[in-house]
Every structure is written in C-alpha cells, then in structure tokens.
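Participant: Under the working numbering, the first residue of the sequence shown is numbered 27, with each subsequent residue one higher. Using N, Cα and C, we set each Cβ at its ideal position, and we do this for glycine too. None of these values were measured; they are calculated from a predicted model. Got a structure here, written out as structure tokens. Questions coming.
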Amino acid sequence: ARQSRWRIEAEMVRDNALTVAGLLNPKIGGPSVKPYQPDGYWENLNFPVRSYDASKGEDQFRRGLYTWWQRSFLHPSMLAFDAPSREECAAERTRSNIPQQALVLLNDPTYVESARAFAARIVKEGSGDATARITWAWRQALARAPRPDELTTARALFDKHLAQYKADTKAAESLLKVGLAPLPPAADQAELAAWTSVARVILNLHETITRS
C-alpha cells in the first residue's frame, strides 16, 4: 500500500522535536501555556496592552495543543508551519514549503533547546565512538540508520564543530545557555555543543518533519 507524503502539522513539529529530545511533558488538560516567543512581538497588539511571559518549568515543554492562541498575533513558529489563526473556520490547513520553516527549526529557542537536550541524550545514551553515536541519533529521530553519505557528512560536521568549540569556549557556553533544560553535570561543553550542532541538523531534516 502507498500513501501521500506530507509535512506534519505545526503543533506536531514542535511535539516531535521535544519528544526526540526527551523533554515533552505528556500532561493532559489544564490552562494554555506560552512557549518562547521573540521579544517585542506583541508590541503592536491592539488594546489592551499586554506582555508575554514565557512559561517556566515543565509547562514550557507541554504539547503544542496547549499553546496560547492570540488571534491576529499567532505564535510565529506556529504561523511559519501554517497553523490557522482561528479568526475564521479552517476546514483544511494549507501545507507550504518556505525558507522560514528551516530558519525556525535552526533558530527558535524551542528547537535549539531541543537540540541541546537531544545532544545530552546522544552523549549519555549513545555508546561507542562518534560514528556509532551518530547512528544511534539517526535511529532515535528517523527510525533508520544513516546512509553512508549522511554518516560521512554528519561525522565531518561533528569533528569540525568540536574543534571550533574547543578553540572558542565562549561560543559553546552561549549555545548551551539557550533554554530552561538543565545541563548534564560535569558535561564537556565543547563536546556537548558539537553534538548540539549535529542534533540541530537532524531536527531540521525534511524527513524529520514529514510523514511518509
């Protein structure tokens, strides 16, 4: 049997990243929560004047279903992945393929933090050398082993970024500060930052956010 291939919906893109990272909070029910959002995004919101305070603790990692919905000022990450504004009925969502989606997956704090937490899993739960750990990470995110060309590219990326972060410890510290999830105790920051770079690539793959 065959079926069409399509990108998963906005809420599921975020949920998938949090799941792979081991961060998703599966709690059911309760009030809406507020994921990270760019500062000043609500400045032009119609009266009354409101402030946006991102949720803390486990609430930050709740499913996308519980995201605070502000009509006409939809959460920008959800907007990039075609979530409806709810200003009118939407019988079916559109599915676009635009550059902003890749930028969200690379730069939104939710996905940077997810990559960082996924990197911590790679270091802790993956075993063997870097090549074996890349294979483990691929299986966790994509349920398959990497192809030889993918493995070579990912290993080269890891080696390059490991050398970069060893030479620039401040850059590693800056990357690892993103988000609320705690760092593993006594972690090698250069190594963890390098694995974060690999994890960011994996979470940004077309296959990661596509049902096939």
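Could you say which of PHE99, GLU37, THR157, ARG173 lies nearest to TYR137 if we only look at CA atoms?
Facilitator: For the purposes of this step, residue 137 is identified with residue 111 of the sequence shown, where counting begins at 1. The shortest Cα separation from TYR137 among PHE99, GLU37, THR157, ARG173 belongs to GLU37.
Participant: Would you mind working out which of ASP185, ALA167, LEU168, THR161 sits nearest PRO174, comparing C-alpha positions?
Facilitator: Taking the sequence shown and counting its residues from 1, the one referred to as residue 174 is at position 148. Closest by alpha carbon: THR161.
Participant: Mind reading off the beta-carbon distance from GLN86 to LEU218? Whole number of angstroms is fine, and I expect it under 8 angstroms.
Facilitator: Walking along the sequence shown from the start, residue 86 turns up at place 60. Walking along the sequence shown from the start, residue 218 turns up at place 192. Contact doesn't hold; Cβ gap of about 20 angstroms is too wide.
Participant: In angstroms with no decimal places, state the Cα-to-Cα distance between ARG97 and GLY83.
Facilitator: In the sequence shown, residue 97 corresponds to position 71, counting from 1. In the sequence shown, residue 83 corresponds to position 57, counting from 1. Cα to Cα, ARG97 sits roughly 25 angstroms from GLY83.
Participant: Look up ASN51 in the DSSP assignment and give the residues it is bridged to.
Facilitator: For this step, residue 51 is matched to residue 25 along the sequence shown. BP columns for ASN51 point to ARG88.
Participant: Is the Cβ-Cβ distance between TRP94 and LYS60 less than 8 angstroms?
Facilitator: Walking along the sequence shown from the start, residue 94 turns up at place 68. Walking along the sequence shown from the start, residue 60 turns up at place 34. For TRP94 and LYS60, yes; Cβs fall inside 8 angstroms.
Participant: Go through the segment 87-130 residue by residue and report every complete run of the alpha helix (DSSP H) that reaches 4 residues or more, in order.
Facilitator: List check, alpha helix (DSSP H) in window: 102-106.
Participant: Give the single residue among ALA182, TYR67, GLN127, TYR92 whose Cα lies nearest to the Cα of THR236.
Facilitator: As a working mapping, residue 236 is identified with position 210 in the sequence shown. With distances taken between Cα atoms, THR236 lies closest to GLN127.
Participant: Between which two residues does the alpha helix (DSSP H) carrying GLU188 extend?
Facilitator: As a working mapping, residue 188 is identified with position 162 in the sequence shown. It should be pointed out that residue 188 corresponds to Leu in this sequence rather than to Glu. LEU188 -> alpha helix (DSSP H) spans 174-193.
Participant: Rounded to the nearest angstrom, what separates SER77 and ALA158 at their Cα positions?
Facilitator: Position 51 of the sequence shown holds residue 77. Position 132 of the sequence shown holds residue 158. Taking the straight line joining both Cα atoms gives about 46 angstroms.
Participant: What residue from ALA116, LEU100, ARG142, VAL227 has the CA that sits closest to GLU176's CA?
Facilitator: In the sequence shown, the residue the question calls residue 176 occupies position 150. Selected option, being the one with the closest Cα: VAL227.
Participant: Sort HIS101, TRP164, ARG88 by Cα distance to PHE144 and report the nearest one.
Facilitator: Working through the sequence shown from its first residue, we reach residue 144 at position 118. Of the listed residues, the one whose Cα sits closest to PHE144 is TRP164.
Participant: Closest to GLU113 by CA distance: which of ARG121, PHE99, ARG33 is it?
Facilitator: Locating residue 113 in the sequence shown gives position 87, counting from the first residue. When each option's Cα is compared against that of GLU113, the closest is PHE99.
Participant: Give the straight-line distance between the Cα atoms of LEU188 and ALA220, rounded to the nearest whole angstrom.
Facilitator: Residue numbering aside, residue 188 sits at position 162 when the sequence shown is read from its first letter. Residue numbering aside, residue 220 sits at position 194 when the sequence shown is read from its first letter. Answer to the nearest angstrom: the Cα atoms are 5 angstroms apart.
Participant: What three-state label does DSSP hand TRP68 in the structure shown?
Facilitator: As a position in the sequence shown, residue 68 is number 42, starting the count at 1. Three-state DSSP puts TRP68 in coil, outside helix and strand.
Participant: Based on Cα-Cα distance, which residue from ALA117, CYS115, ARG121 lies nearest to ASP108?
Facilitator: For the purposes of this step, residue 108 is taken as residue 82 along the sequence shown, with counting starting at 1. Nearest C-alpha to ASP108: ARG121.
Participant: Around the Cβ of SER223, are there at least 16 other Cβ atoms within 10 angstroms (buried) or fewer (exposed)?
Facilitator: Stepping through the sequence shown from its first residue, residue 223 is reached at position 197. When all chains shown are included, SER223 counts as buried.
Participant: In this structure, how does DSSP classify VAL46 when only helix, strand and coil are distinguished?
Facilitator: Taking the first residue of the sequence shown as position 1, residue 46 is located at position 20. Correct three-state label for VAL46: helix.
Participant: Using DSSP's beta-bridge definition, name the partner residues of VAL204.
Facilitator: Within the sequence shown, numbered from 1, the residue matching residue 204 stands at position 178. For VAL204, which the question treats as bridged, DSSP gives no partner whatsoever.
Participant: Which word fits LEU91, buried or exposed, when buried means at least 16 other C-beta atoms lie within 10 angstroms of its C-beta?
Facilitator: In the sequence shown, residue 91 corresponds to position 65, counting from 1. So LEU91 counts as exposed.
Participant: What are the residues that DSSP puts in a beta bridge with ARG33?
Facilitator: What you label residue 33 is simply residue 7 of the sequence shown in a count that begins at 1. For ARG33, which the question treats as bridged, DSSP gives the partners THR236.
Participant: Should ILE124 be labelled buried (16 or more other beta-carbon atoms within 10 Å of its own) or exposed?
Facilitator: Residue mapping note: residue 124 aligns to position 98 of the sequence shown, counting from 1. The residue in question, ILE124, is exposed, as its Cβ has fewer than 16 Cβ neighbours within 10 Å.
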